[in-house]
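Residue 488 is where the sequence shown ends in the numbering used here, and the numbering goes up by one at each step. See below for the structure under consideration.
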Amino acid sequence: MLRPMSDAEPNPTDTASTTDRVEEVVPVDVPNDETLMERVVNLSKRRGFVFPSAEIYGGFRSTYDYGPIGVLLLRNVKDAWWRSMVQLRTDVVGLDAAILSPPAVWEASGHLVNFTDPLVDCRKCKSRFREDQLEDPTTCPTCGAKDSFTAARQFNLMFKTHAGPVEEDAAVAYLRPETAQGIFTNFANVLNASRKRPPFGIAQIGKSFRNEITPGNFVFRTREFEQMEMEYFVPPDEVEHWYEYWCAERYNWYVEFGIPEDRLRMRPHDADELSHYSSGTSDVEFAFPWGWGELEGVANRGDYDLTQHATHSGEKLDYFDQASGTRYTPHVIEPAAGATRAMMAFLLAAYDEEQVRGETRVVLRLHPRLAPYKAAVLPLSRKPELAGVASEVHTMVADRWMTDYDETQAIGKRYRRQDELGTPVCVTIDFETLEDRAVTVRDRDTMAQVRVPIDDLMAVLGERLP
C-alpha cells in the first residue's frame, strides 16, 4: 500500500530526514540567450555530459568527448530515434555501413565535385570564414577590416586519407561525410535480404566527418559527429505524399520528447539552398540561443542517388513490381538528423531553474525515455544495515532501468545532483526501511514523495518510467 508523505523537500544539509518542510517553489525565468548557453555548457562539464576533447593537452578545436552522463543521454536519444523509426514500424529495417569508402562512391554521389563551401580569407588578420555565413560580406568580424576578403574559393569538406601502408593515389579513401551513401550502395542487398517492397526504408545511425571551415557553438557544428538517417524508397508517383508525411512525423518526434512547439519550426529551403540531389528540402529548426538552427533535414532526393550508383557501378538498382508488371527506380525521401544536435536541443529545452528555500534549484526536465538515469537509489546513511537493503533495491531496479547509486553527502544535496542530471525518480532508503520494508520515492519535477513497500516498488516505478 502506498503511503503519501509530505510534499516537502528536505533541507540540502540534512542527513537524517527525507521529509522536512520546504518553502514555496518560485519559478525563475531562464532566458533563451547566451546566458542559457553558458549555463548549459557549464553544467555539461561539471556533471559529466560533455568534455573538451584532449583537454589536458589544450584541447582540439571542435571535438568533444561525452562523459559518463553524456554518453547515456546521447545513447538514449539514438535509442528513441531507432525505436520510433525502426522498432515500432514494419516498413523500415536497419543497416550499419562502413565509415571508409573508395573515391568511386563519392564520385558517383557528386560529393567530390559538389560537397563544398565557399571559403574566404581576411587579408589583414588571416582569419577564414564561410562566405555564406558572414552577416556583412564586406567587413571582417574578427578585426573589422573593410573590403579585406579574398575572392571566394570552393573548399571540399570531405576528409581524405589512405588505406594501406603506402600513400599513393591508388590507396585514396574518404571518411564518409554522411551515412546515406552506404544505404544506397546496399539497396539491392537489403531489398533481397529483407524481402521488403516500396514504400520501405533503411535506417542507420553512425559517425560522419566534415572538414568544417568554421565549427563552433559547442557541439552544434563539429568536424566529427553522429547522424541518424533513413532513406525511404517509394514509387515515383507517391513521392509528394511521403515527403509531407515524413516532414510531419519528424517535427512531431521532437515535440513528443519535450521540445516546446514555440521553439520549433519547419522551414522549407529556397531554391538556391537546395543540395545538388534535392528537388525539395525542409528543415526542422530549433530556437538556439544564437538563433534558429537545423536539427534535421527532410529531403526529396528523387531517384538521383540510385541512378548515379547504377550508372557508375554497372549494377541494377531498380525495383520490379510483380503486381503491376512494371520496373522503376524508386524515389527517396530522406529524414537526416544530427544525434549530437538533437541532444543539445533537448538539454537546452529541458534546462530549468526555480527558487526553493531561497536557493536556486537547477533541474533538467528531460523526457523519461531520454533521461541518462531513470532512477537513483540513495541510502540515507552509509551504515552497513542500510547499505545492504540499498544494494538489494539497486540490483532490483538496475535490472530494468539505468540506475545511479549515491551514498555520499546530505540527502538534499544528492537530490539536487539528480535534478541536474535529469533523473525522474529518486528512491531513498532510510532507517524506517529496516522496520517497515518501505522506501521513499521522490519525483523530480514536483518533488512530491510517497512511501512505497519494496515489494511494490517495481510496479510503482513502472507507472512512471518507460
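Don't be surprised by glycine CBs; every beta carbon is placed ideally from N, CA and C.
Paired residues, beta bridge with residue i - DSSP
| i | result |
| --- | --- |
| T164 | Looking at the DSSP assignment, T164 forms no beta bridge with any residue, so it has no partner. |
| K405 | None, per the DSSP bridge assignment. |
| H184 | V194 |
| A397 | T425 and V447 |
| N348 | Residue 348 is actually Thr in this sequence, not Asn. Its beta-bridge partners are D343. |
Bounding residues of the alpha helix (DSSP H) (the contiguous stretch that carries residue i)
| i | result |
| --- | --- |
| P159 | Where P159 is concerned, there is no enclosing alpha helix (DSSP H), given that its DSSP letter is neither H nor E. |
| C113 | What sits at residue 113 in the sequence shown is Asp, not Cys. Per DSSP, D113 belongs to no alpha helix (DSSP H) and is neither H nor E. |
| R486 | L479 to R486 |
| V135 | H133 to N136 |
| F17 | Residue 17 falls outside the range modelled here, since the chain spans only 23 to 488, and no answer is possible. |
| M252 | It is not in any alpha helix (DSSP H) - M252 instead sits in the beta strand (DSSP E) that spans E246 to V256. |
| M59 | E56 to R68 |
Residue j beta carbon less than 9 Å from that of residue i
| i | j | result |
| --- | --- | --- |
| Y273 | M288 | yes |
| P74 | Y86 | yes |
| V399 | T425 | yes |
| A179 | F137 | The amino acid occupying residue 179 in the given sequence is Leu; Ala does not appear at that position. Going by C-beta atoms, L179 is nearer than 9 Å to F137. |
| S170 | R152 | no |
| A371 | F453 | no |
| L369 | V419 | no |
Status (buried if at least 16 other CB within 10 Å, exposed otherwise) for residue i
| i | result |
| --- | --- |
| P357 | buried |
| A481 | exposed |
| P163 | exposed |
| V135 | exposed |
| C165 | exposed |
| G410 | exposed |
| G347 | exposed |
| E278 | exposed |
| D343 | exposed |
| N64 | exposed |
| C147 | exposed |
| G444 | buried |
| E45 | Bear in mind that a pLDDT of 44 at E45, under 50, signals an unreliable position, so the model cannot answer this. |
| F255 | buried |
| L456 | exposed |
| V62 | buried |
Distance, residue j Cα to residue i Cα
| i | j | result |
| --- | --- | --- |
| D478 | V461 | 10 Å |
| H416 | Y437 | 16 Å |
| E60 | V72 | 13 Å |
| A76 | R111 | 40 Å |
| V48 | V378 | 7 Å |
| R43 | M469 | In this prediction, R43 scores a pLDDT of 38, lower than 50, which makes its location untrustworthy; no coordinate-derived value is stated. |
| S149 | K168 | 13 Å |
| L122 | E442 | 38 Å |
| K338 | S216 | 17 Å |
| L141 | A173 | 8 Å |
| Q440 | N233 | 37 Å |
| R219 | D325 | 16 Å |
| Q109 | G116 | 9 Å |
| K100 | M250 | 7 Å |
| L408 | R243 | 47 Å |
| E316 | P290 | 11 Å |
| Q431 | K405 | 13 Å |
| D158 | D55 | 22 Å |
| V474 | V449 | 9 Å |
Host beta strand (DSSP E) of residue i (start-end)
| i | result |
| --- | --- |
| H353 | H353 to G360 |
| K435 | Counting along the chain, K435 falls outside any beta strand (DSSP E), though it belongs to the alpha helix (DSSP H) covering I433 to L443. |
| D305 | G302 to F310 |
| S148 | According to the sequence provided, residue 148 is Lys. The question's Ser does not apply to it. Neither: K148 is in no beta strand (DSSP E) and is coded neither H nor E. |
| G324 | G313 to G324 |
CB contact check: residue i to chain C, cutoff 9 Å
| i | result |
| --- | --- |
| E376 | Although the question refers to chain C, the structure presented lacks it and comprises just one protein chain. |
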